Amino acid sequence: MHRALVPFLLLLSFLLASCGENGPASQVDGSMEPQAQVVRAAPGRYAGTLPCADCSGIATELQLWPSGACLLQSTYVGKPVEANRFVEWGRWSHDAPGRVVVELGAGDRTLYFAPQPGGSLIKYDLAGTTLLDPATNSLQPADGTFAPGGVLPLRGTFYYPKPRVAHFRECHSGRDLLVRLDPEAAGIEGDFRDQGADPGQGMVAEVKGTLQVTPLEDTDGAVLLLTIKEVDALVPGERCAW
23 MHRALVPFLL
33 LLSFLLASCG
43 ENGPASQVDG
53 SMEPQAQVVR
63 AAPGRYAGTL
73 PCADCSGIAT
83 ELQLWPSGAC
93 LLQSTYVGKP
103 VEANRFVEWG
113 RWSHDAPGRV
123 VVELGAGDRT
133 LYFAPQPGGS
143 LIKYDLAGTT
153 LLDPATNSLQ
163 PADGTFAPGG
173 VLPLRGTFYY
183 PKPRVAHFRE
193 CHSGRDLLVR
203 LDPEAAGIEG
213 DFRDQGADPG
223 QGMVAEVKGT
233 LQVTPLEDTD
243 GAVLLLTIKE
253 VDALVPGERC
263 AW
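Here the working numbering = 1-based position in the sequence shown + 22.
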C-alpha cells in the first residue's frame, strides 16, 4: 500500500467509528422511556367502611358527579343512626399528582384519595401526604347513584329554570335537584313571588326534605328529586358559591 494512503485510511476509520458510537444509540434518552400512567377516578358511587376510633366503623358513601359536585355520607356503625349519620356536600377534582381531592362544605375539611387501576379509592391521612392501609381504608365502586336517607337540612338556591318547574341548587356543591313540594311547604312559592325574586336567578333558601333517585337523567346522570317538607327561611340578597 502506498505510504501516502495510510494517514487517510486511519482518519477514515476513526470517523466511521465515531459515527457508529453516536448513531442510533444517541437517539435513546429519557424522553423516549415509557412514562408512568396517572390513574384517574371515574365519576360514580364509591362505598366502604373506614376505621373508627370509638365505634365499629364508619360506613361511607361517596358520590362523585361529572360536574365536580360530590356528596359524602358517614354513618358511625354501632351508634344510634339518626344522631350519628352525617351528610356533607362539596366539590371534587384531581390534583397534579392525580389524587382525588374532595373539598366539603365551605372549605370545612378536605379529604384525599388515591385512585387505583382496579377502580377503588384508597384514603390518605388528613394532610394528604401518607397513604393509609388499603385493607381498611378503601372505597370500592358501587352500582347506581347514591341518595341519602332520612330528612335532610339543605341550603341552596330555589329557582325556576322553566315556568312551574322548581329546582334547588345545593350551595356547597352546585348539584341541581328537581323539586316537589309537600303541602306543608307549598307556601314557598307565594313567599318567593312576594320577595320579588327573579325566577331564573332564584333565591337562597334553607329547607328540610328527602332525596330520591328518579329514572330521569341530566348531565350528571340520574336526576335527584328533592321533596321539600319544611321551609326554614328564604334569604334575600345572599348568593351561594355554586
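Just so you know, even glycine gets a beta-carbon here, dropped at the ideal spot from N, CA and C. Just so you know, these numbers come straight off a predicted model, no measurement behind them.
* **3-residue-minimum beta strand (DSSP E) runs that sit fully inside the segment 99-158, ordered along the chain** => 107-116, 122-126, 131-137 and 143-145
* What whole-angstrom Cβ distance do V187 and G231 have, given they're in contact under 8 Å? -> Residue numbering aside, residue 187 sits at position 165 when the sequence shown is read from its first letter. Residue numbering aside, residue 231 sits at position 209 when the sequence shown is read from its first letter. In fact, because the Cβ distance is near 17 Å, the residues do not count as touching under 8 Å.
* In the DSSP assignment, what are the bridge partners of T201? -> What you label residue 201 is simply residue 179 of the sequence shown in a count that begins at 1. Before going on, a small fix: residue 201 reads as Val here, not Thr. Its beta-bridge partners are L248.
* Asked: Count the other CB atoms within 10 Å of the CB of L104; is the residue buried (16 or more) or exposed (fewer)?
  -> If you number the sequence shown from 1, residue 104 lands on position 82. The question names Leu, but residue 104 in the sequence shown is Glu. When all chains shown are included, E104 counts as exposed.
* **Beta-carbon proximity list for A255, same chain, < 8 Å, skipping 5 on both sides** => Within the sequence shown, residue 255 is the residue found at index 233, counting from 1. Cβ neighbours of A255 beyond the five flanking positions: A227 and E228.
* 6 Å CB neighbourhood of S96 in its chain, flanking five on each side removed -> Here residue 96 is taken as the residue at index 74 of the sequence shown, counted from 1. Once the five neighbours on either side are set aside, the close Cβ partners of S96 are I80, T82 and F108.
* With DSSP run on the structure shown, which of helix, strand or coil describes D213? -> The residue given as residue 213 occupies position 191 in the sequence shown. D213 falls in the helix class under three-state DSSP.
* **One or two residues paired with D240 in a DSSP bridge** => Sequence index remark: in the sequence shown, residue 240 carries index 218 (1-based). Its beta-bridge partners are G243.
* **Residues near D117 by beta carbon distance below 7 Å, same chain, minus five either side** => Residue 117 sits at position 95 when you count from the first residue of the sequence shown. Closer than 7 Å at the Cβ level, and outside the excluded window around D117, lie V123.
* Going by the beta-carbon positions, is the gap between W264 and R191 smaller than 9 Å? -> Start at 1 with the first residue of the sequence shown, and residue 264 comes out as number 242. Start at 1 with the first residue of the sequence shown, and residue 191 comes out as number 169. The answer is yes: Cβ separation under 9 Å.
* Asked: In the structure shown, what three-state DSSP assignment does A207 receive?
  -> On the sequence shown, position 185 is the one that residue 207 refers to. Reduced to three states, the DSSP call for A207 is helix.
* Are the Cβ atoms of V235 and G166 separated by less than 9 Å? -> In the sequence shown, residue 235 corresponds to position 213, counting from 1. In the sequence shown, residue 166 corresponds to position 144, counting from 1. It is a contact, given that the beta carbons lie within the stated cut-off.
* To do: Would you mind stating whether E252 and E206 have Cβ atoms separated by less than 9 Å?
  => Translated into positions along the sequence shown, residue 252 becomes position 230. Translated into positions along the sequence shown, residue 206 becomes position 184. Yes, they are a contact pair.
* Going along the chain, which residues of its own chain have a beta-carbon closer than 8 Å to the beta-carbon of K101, five neighbours each way excluded? -> Mapped onto the sequence shown, residue 101 falls at position 79. The answer, listed in chain order, is C77.
* So what's Q223 in DSSP terms, helix, strand or just coil? -> Walking along the sequence shown from the start, residue 223 turns up at place 201. Looking at Q223 - three-state DSSP - the assignment turns out to be coil, as it is neither helix nor strand.
* Coil, strand or helix - D254 by DSSP -> For the purposes of this step, residue 254 is taken as residue 232 along the sequence shown, with counting starting at 1. Here D254 sits in strand by DSSP.
* Give me whichever residues DSSP pairs with C74 in a beta bridge. => What you label residue 74 is simply residue 52 of the sequence shown in a count that begins at 1. DSSP lists no partner for C74.
* With DSSP collapsed to three states, give me the class of C92. => Here residue 92 refers to the residue found at position 70 when the sequence shown is read from its first residue. DSSP places C92 in strand when its eight states are reduced to three.
* Determine, using beta carbons only, whether L143 and A63 come nearer to each other than 9 Å. => In the sequence shown, residue 143 corresponds to position 121, counting from 1. In the sequence shown, residue 63 corresponds to position 41, counting from 1. Contact: yes.
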